[in-house]
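Each remark here refers to the structure printed beneath this line.
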Amino acid sequence: MMFEKVQAILAKQLRLDPAKVTPASLIKKDLGADSLDILQLLMRIEDEYGLVIPDEALAKFETVGDVVSYLEKLETKL
Amino acid sequence: MIKIIVDCFGGDHCPQAPIEGALKAMATYPDLYILLTGDEAILQKELEGKTYDKSRLEIVHAPEVIGCDEKPTDVVRLKRNSSMMKGIILLRDRDDIAALVSTGSTGALVTGALVRLGRIPGVIRPAFCPLLPTMDGGIVGVCDSGANVEVTAAHLRQFAIMASLYLENVYGVSKPRVALLNVGKEAEKGDEIRQEAYKLLQDTPSVNFVGNMESRDLLSGSYDVVVADGFSGNVLVKTTEGTALELLKKLKKEIFSKTLYKLGALLMKRMFADMKEFMNYQNYGGSVLLGTSKVVVKGHGSSKAVAVEKCIEQAYRMELSRLSDKIEAEIVKYEHYDV
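Line order of the protein sequences matches chains A and B.
For the first sequence, counting from 1, position 47 maps to 47 in this note's numbering; every step adds exactly one.
For the second sequence, counting from 1, position 238 maps to 1238 in this note's numbering; every step adds exactly one.
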């Protein structure tokens, strides 16, 4: 569920075919995103769930799967 | 219908100036639809007794207020219900809305636009491009004038492309003459970034690059676009505006120092009034943020109704010209540099 949401947002934001966005995709290398793209994705997630992701977490995301599992953990805490 | 959001709680004359500016723009453009963001009760009260087409105006309740000393990053992340952030989120989420006009905090607007609204694909960093009047009656855009303190040569090339398309498509300037702000005119002048940017601009066919420009020539009318890092561009614009204003004050002081001067000035009264109008920044709208996925226009914090009206007009014309699509089509022709 969370993966599909992240996949849809990233595909729209980066204008990619959603099929290209997989859990193993490296956000920067494979999807051509930069640090601002990642921040933009997280802000959108923050808005949707009404939460604030701590700054220190932002630097840790390398793959789409990293983002998804972080958000899933956060979701279960809510 | 072109829908534009007007942030009503940001500048010195809020909410009266944004409301009056919006109503004036609506009267001029029959296909303009305005969304006012801010405290609904206050906005309703301000609108009482005013004449306007109610079917083309809506209020979006955004009660949170941004304090003067709040950090832009805190505003962006914690003040989602402020008039500015609500406007940015609305602009991002609704495909039918074209633009946002704000006279609020520059830092919060840039940060919010970057991380909430996003960029045109291929754009590395959005940049501000205010317009100044030139001595030959034209205009000159300075890009960037404050969004990016540190830049690379690739950033400067993108600023040149975006600002050139802006002047051409929104103001009808044919083949805008683009210059690079530097400490001398020769190609080898300046630091490594400026030297590299000079070469890159020479190799950019879509940009009519005419070489380096020294700051004293900004208003000469020889250039349509001046490309700079945000720090230098900001200093350039503010020094130019400040010098012009101080010179006018000095002139006024001298005129009133002697009766003979006063008599002479009386004969030139019309000319002085024209000069004042020519130099009044309120007539030139705001500073557009080029490169964001949708149109964002930043008005001066002290904007009055006429300045807000001009900002709305800029946003309207930018949307009408499909500038974002044109920037995207041009930017993708060049190599994308990661930040």
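Note that the Cβ used here is the ideal one computed from N, Cα and C, for glycine as well.
Here DSSP, grouped into helix, strand and coil, assigns residue 1082/B to strand. The Cβ neighbour count for residue 40/A, taken over all protein chains shown within 10 Å, is at least 16; the residue is labelled buried.
Inclusion of residue 67/A and residue 21/A in the CB contact set at 8 Å is not warranted, their separation being larger than that value.
Sequence-ordered contacts of the region 1115 to 1130 of chain B with chain A read 1115, 1116, 1117, 1118, 1119, 1121, 1124, 1125 [C-beta pairs closer than 9 Å]. When DSSP reads this structure, residue 1288/B sits in a beta bridge with 1129/B, 1297/B. Per DSSP, residue 1025/B is one residue of the alpha helix (DSSP H) stretching across 1016 to 1028.
The Cβ atoms of residue 1230/B and residue 1169/B lie no closer than 8 Å to each other. Spanning the alpha carbons of residue 37/A and residue 60/A requires a straight line of approximately 14 Å.
DSSP, reduced to helix, strand and coil, places residue 1102/B within a strand of the structure shown. In this structure residue 9/A does not touch residue 63/A by the C-beta definition: roughly 15 Å separates them, more than the 8 Å allowed. For residue 1240/B, the closest C-alpha among the options 1249/B, 1223/B, 1318/B, 1219/B is that of 1219/B. Within chain A, the residues placing a beta-carbon under 8 Å from that of residue 1080/B are 47, ordered along the chain.
Its Cα nearest to that of residue 1145/B, the residue 1129/B stands out among 1129/B, 1310/B, 1031/B. Taken in chain order, the complete beta strand (DSSP E) segments of 3 or more residues contained in the region 1110 to 1171 of chain B are 1127 to 1129, 1131 to 1133, 1139 to 1143.
Collapsing the DSSP output to three states places residue 1049/B in coil. Within the region 1059 to 1087 of chain B, the residues whose Cβ lies closer than 9 Å to any Cβ of chain A are, in chain order, 1073, 1076, 1077, 1078, 1080. Against chain B, the CB of residue 40/A has a partner CB under 8 Å away; the residue lies at that interface.
One thing to note: residue 1126/B has its Cβ within 8 Å of the Cβ of residue 1114/B. Assigned with DSSP and collapsed to three states, residue 15/A falls in coil, not helix or strand. As a beta-bridge residue in DSSP terms, residue 1003/B pairs with 1033/B, 1097/B.
The alpha-carbon separation between residue 1312/B and residue 1202/B amounts to approximately 35 Å.
By the Cβ neighbour-count rule, residue 1261/B is exposed, with fewer than 16 other Cβ atoms within 10 Å of its own.
Within a 10 Å sphere around the beta-carbon of residue 1319/B sit 16 or more other beta-carbons, which makes this residue buried. Per DSSP, residue 1058/B is not a residue of any alpha helix (DSSP H); the beta strand (DSSP E) it occupies stretches across 1057 to 1061. Across the structure, residue 1141/B and residue 1134/B are spaced so that their CA atoms are roughly 10 Å apart. Residue 1227/B is bridged by DSSP to 1143/B, 1180/B. Taking C-beta atoms under 8 Å as the contact rule, residue 1153/B and residue 1178/B fail to qualify, at a distance of about 14 Å. Between the beta-carbon of residue 1165/B and that of residue 1266/B there is about 46 Å, and that puts the pair past the 8 Å contact cut. Counted as a single uninterrupted DSSP element, the alpha helix (DSSP H) harbouring residue 1271/B occupies residues 1269 to 1279. Secondary structure at residue 3/A: helix, using DSSP grouped into helix, strand and coil. When 7 Å is used as the limit between beta carbons, residue 67/A is near no residue of chain B, the shortest such separation being about 15 Å.
For residue 13/A, the closest Cβ of chain B is nearer than 8 Å. Taking each of 1064/B, 1022/B, 1066/B, 1079/B in turn and checking the Cα distance to residue 1051/B, the smallest one comes out for 1022/B.
Residues of the region 1087 to 1098 of chain B with a C-beta atom less than 9 Å from some C-beta of chain A are 1089, 1092, 1093, listed in chain order. The C-beta of residue 26/A comes no closer than 8 Å to any C-beta of chain B.
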